[in-house]
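Protein chains in written order, with my numbering: chain E, 34 to 145; chain Y, 101 to 216.
Heads up, the beta-carbon is just placed ideally off N, CA and C, and yes, glycines get one too.
What follows is a set of notes on a single structure, which appears directly below.
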């Protein structure tokens, strides 16, 4: 199945630093979702985006729905050790048959 | 409100044995999804139900995989017989509806299958 291009693949940062990751697609989407997955657990929804240009925050997390509708960005400010995990984007659009496609994930390591 | 419930959380079987996974979606969610997640990858859809109807099973390996959602609530995914390559995490997710802008998916904790 199709997977979105998500980058970077992995990040190693110092506690307190800001983090940025993005996801791109060859198809336009109507919905972008961002998830965090801890080891041995299912993905947990962080932020949902429904309109092009939309900017939504959830605490220290901010995500944006790209104007072209083919990309999305997730930023984490002032990272803390519990931010460690794998972050996935997911998108759904008129050409996906109502199916969500997922990115390959960004693995985040926060060094105290 | 309870989230998506899956059981078992872990399963270890020998190849050629059958295995079944169970999922109970969030109450009121009409759409249920089964995903396969290999190590280091994002989830990949196996089958999507809207109520009791399987509306997208194009990626389900039908020679050995089967699924049912008889009353449009909980669902079972079965593999018979299991192969070594089936070792993965099987995730269940649910949403209120599908295909409507503004809807989101919520995942269960997954079942980690190991085939020896």
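Minimum Cβ-Cβ distance from residue 190(Y) to chain E less than 8 Å: no
Proximity of residue 122(Y) and residue 137(Y) at Cβ, strictly below 8 Å: no
Bounding residues of the beta strand (DSSP E) (the contiguous stretch that carries residue 109(Y)): Neither: residue 109(Y) is in no beta strand (DSSP E) and is coded neither H nor E.
Residue 58(E) (DSSP reduced to helix, strand or coil): coil
Interface flag, residue 133(E) vs chain Y, CB-CB below 8 Å: yes
Near-chain Y residues of the segment 63-81 of chain E (beta-carbon distance less than 8 Å), N- to C-terminal order: 63, 64, 66, 68, 73, 74, 75, 76, 77, 78, 81
For residue 305(Y), the three-state DSSP class (helix, strand or coil): Nothing about residue 305(Y) can be read from this structure; chain Y reaches only from 101 to 216.
Rounded Cβ spacing between residue 149(Y) and residue 160(Y) (contact assumed at less than 8 Å): Rounded, the Cβ-Cβ distance is 11 Å, inconsistent with contact.
Nonlocal neighbours in the same chain, by C-beta distance under 8 Å from residue 115(Y), ignoring five residues either side: 181, 182, 183, 184, 215, 216
Residue 46(E), enclosing beta strand (DSSP E) - first and last residue: 43-47
Endpoints, the beta strand (DSSP E) within which residue 155(Y) is located: 153-156
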